[in-house]
Amino acid sequence: MTVPIEFTAEYVEAHSAPEEQLYRDFLRCGEPWRSMYANNPWLTPPDLNQPLSSDPAHYWNTTVARKHDYWKNFDLPQATKDIRQLRADLKEWGFCLIEDAMSAEQCKRFLDRLLEQAAGERKAGLRYPTPTGQYINTLINKGDVFGECIEQNPSAVQAGPVIEQLMNETLGAGWICHSFLSNGADPGGYPQGLHIDQGPLLPFMTTQAPALVNTMYIPQDVDEVNGGTLLIPGSHKILIEAGSGGAIGKLPPTINLEARAGTIMVFDGRVLHGTGVNHTDKQRFVATMSNVTSWTRTQENWVISVAPDVLEKASDKLLHRLGLQALTYGATIEGFGLSGRGRVGEAWGSIKQFRQAYDNGTYERVRELSEDSSVDELNKAYTVGIAMQAARDASHSG
Ligand SMILES: [Fe+2]
């Protein structure tokens, strides 16, 4: 049997000149990021191999809005319980601050569990390092309080009904939780590069509602000293206007978020933001829960449904195609795969090993830990620990 010539790889290549390819200019133009950096070189992220510069020109060397030469003249969002004001702030500035969203008791329950877990994971050798600080991933497994937050249950978050309503309005009914993890800003850490959390959906940027909305749980006071989140207020509008193929001109400066413990910041997935620099000698934690539109997932849940024998013999390419290769924005397991590029065969983000451990009854999840956890608990053969070590070994050998 001869294959029709039109279907051969050589023929396809010969008839796929750049100018003939669909959407090529649009998808490959690198915009709006290219123009954003060209017109705003101060937004360039720091070199992680160099000491952090204190030059005020850099985006991470800023302050809170009320002390900021530029922003102090604007009516930026203040923490409030008024849903009408919250709506107006979210639309105009891309973020709003729910005052006392967690009561003092709720806030303490949340923070205590977070700090205990952070200490336990460090002691168990599971500290999840990032350039900004320690992350605590997959909070759902690390305390009842976190599942209650994912439900917006007033038992854990007294402003739950307000959050539910704002999510229904922005994402539409049926929205789901995309992730819930805690971001640490550690003393001596670097700032995060400014980014939008809806980045992967950039080609589908619309002029209307976002496809991702974040809720940031703030269990301790944050400001310009301890690494309050860096934000460009109103930047979602500039991003929306530029779209994925358009250009961005000069942007207004960043601020550090200033908020009291118990505040929840709701922010549009298209606002430029990133973790700030912690100038104190104590870790600073916030926790971000992203929520996304109901359809943001694969129709078939392959990670569960693919049969063990099919999985065993699957090529790297097939594993990737089925969604078993995690990347920053998708399919991470207990944080494994965050910062991965999601490329075929990439060791960091290969989640087949988790599914196989699950099939074998050996999947050991990291559960509640603290410094007082037993030696047995601290030394368990955690699947994510094994996966992280395997990925490190692969990167050293390759
Ligand atoms: Fe983010």
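Heads up: the sequence shown at position 184 corresponds to 1153 in the working numbering, and the numbers run straight through without jumps.
Where a beta carbon is used, it is the ideal one built from N, C-alpha and C, also for glycine.
- Item | Span separating the alpha-carbon of I1224 from that of Y980 | Each residue's CA atom was taken as its position, placing I1224 and Y980 some 54 Å apart.
- Query: In whole angstroms, what separates the C-alpha of P1221 from that of A1178?
  - Reply: Approximately 22 Å, taken between the alpha carbons.
- Query: For W1062, does the count of other Cβ atoms within 10 angstroms reach 16, so buried, or fall short, so exposed?
  - Reply: By the neighbour-count rule (16 or more Cβ atoms within 10 Å), W1062 is buried.
- Message: Can you look up Q1019 in the DSSP assignment and give me helix, strand or coil?
- Response: Three-state DSSP puts Q1019 in coil, outside helix and strand.
- Neighbourhood of N1260 by C-beta, 8 Å cutoff - its chain only, sequence neighbours within 5 removed: For N1260, where only same-chain residues beyond five positions count, the Cβ hits under 8 Å are M1136, L1140, W1144, I1145, C1146, H1147, L1181, V1182, N1183, T1184.
- Query: How long is the line joining the alpha carbons of T1198 and H1242, rounded to whole angstroms?
  - Reply: Separation of T1198 and H1242 (C-alpha to C-alpha, rounded to the nearest whole angstrom) is 7 Å.
- Message: With H, G and I counted as helix, E and B as strand and the rest as coil, what does DSSP make of H1164?
- Response: In this structure, H1164 counts as strand in the three-state DSSP scheme.
- Query: If V1131 and I1187 are in contact, beta carbons under 8 Å, what's the gap, nearest whole angstrom?
  - Reply: Rounded to the nearest angstrom, the Cβ distance from V1131 to I1187 is 15 Å, too far for a contact under 8 Å.
- Item | Residue range of the unbroken beta strand (DSSP E) whose run includes I1145 | Under the DSSP assignment, I1145 falls in the beta strand (DSSP E) whose first and last residues are 1145–1154.
- Contact belief for T1101 with Q1161 at Cβ below 8 Å, rounded distance in angstroms: Between the beta-carbon of T1101 and that of Q1161 there is about 5 Å, and that keeps the pair under the 8 Å contact cut.
- Message: Between D1166 and ligand 1, is there a pair consisting of the residue's CB and a ligand heavy atom that are separated by less than 6 Å?
- Response: Yes.
- Query: Taking DSSP as the reference, what is the three-state secondary structure of T1139?
  - Reply: Reduced to three states, the DSSP call for T1139 is helix.
- What residues in its chain sit with their C-beta under 8 Å from that of E1090, if we drop five residues either side in the sequence? Result list for E1090: R1096, Y1097, Q1103, I1105, V1335, L1338, in chain order.
- Could you say which of I1302, D1016, L1208 lies nearest to R1003 if we only look at CA atoms? Comparing alpha carbon positions, the residue from I1302, D1016, L1208 closest to R1003 is L1208.
- Apart from the five residues on each side of it in sequence, which residues of its chain come closer than 7 Å, Cβ to Cβ, to L1296? Around L1296: G1306, G1309, R1310, G1311, G1318.
- Message: Do A1154 and T1013 count as a contact pair if the criterion is CB distance below 7 Å?
- Response: Cβ atoms of T1013 and A1154: not closer than 7 Å.
- Message: Give me the residue from N1042, S1343, E989 with the minimum Cα distance to P1202.
- Response: Taking only the C-alpha atoms, the option nearest P1202 is N1042.
- Return the chain-ordered ranges of every beta strand (DSSP E) run that is complete within the stretch 1213–1276 and spans a minimum of 3 residues. List check, beta strand (DSSP E) in window: 1232–1237, 1253–1261.
- Query: What's the gap between the Cα of N1302 and the Cα of V1353?
  - Reply: Per the sequence shown, residue 1302 should be read as Ile rather than Asn. So the two alpha carbons sit approximately 8 Å from each other.
- Item | For A1057 and L1045, believed in contact at Cβ under 8 Å, the rounded distance | Not quite, the Cβ-Cβ distance comes to about 12 Å (not below 8 Å), so this is no contact.
- T1352 lies in the alpha helix (DSSP H); which residues open and close that run? Taken as a continuous stretch (DSSP letters only), the alpha helix (DSSP H) holding T1352 covers 1352–1366.
- Extent of the continuous beta strand (DSSP E) to which I1067 belongs: For I1067, the enclosing beta strand (DSSP E) has its first and last residue at 1064–1067.
- Item | DSSP-derived helix/strand/coil call for Y1104 | Residue state, collapsed to three classes: strand.
- Task: Please report the Cβ distance between G1292 and W1271, rounded to the nearest whole angstrom; I am assuming they are in contact, meaning their Cβ atoms lie under 8 Å.
- Result: Indeed, because the Cβ distance is near 6 Å, the residues count as touching under 8 Å.
- Tell me, which residues are paired with M1185 by DSSP? Its beta-bridge partners are M1234, T1257.
- Item | Residue nearest to G1214 in terms of C-alpha spacing, selected from V1313, S985, R993 | Among V1313, S985, R993, the Cα nearest to that of G1214 belongs to R993.
- State buried or exposed for G1196, treating a residue as buried only when at least 16 other CB atoms are found within 10 Å of its CB. The residue in question, G1196, is buried, as its Cβ has 16 or more Cβ neighbours within 10 Å.
- Task: Might you give, ordered along the chain, the residues of its own chain that have their beta carbon closer than 7 Å to the beta carbon of A1088, omitting 5 neighbours on each side?
- Result: Residues of the same chain with a CB within less than 7 Å of the CB of A1088, apart from the 5 flanking positions on each side, are S1339, E1340 in chain order.
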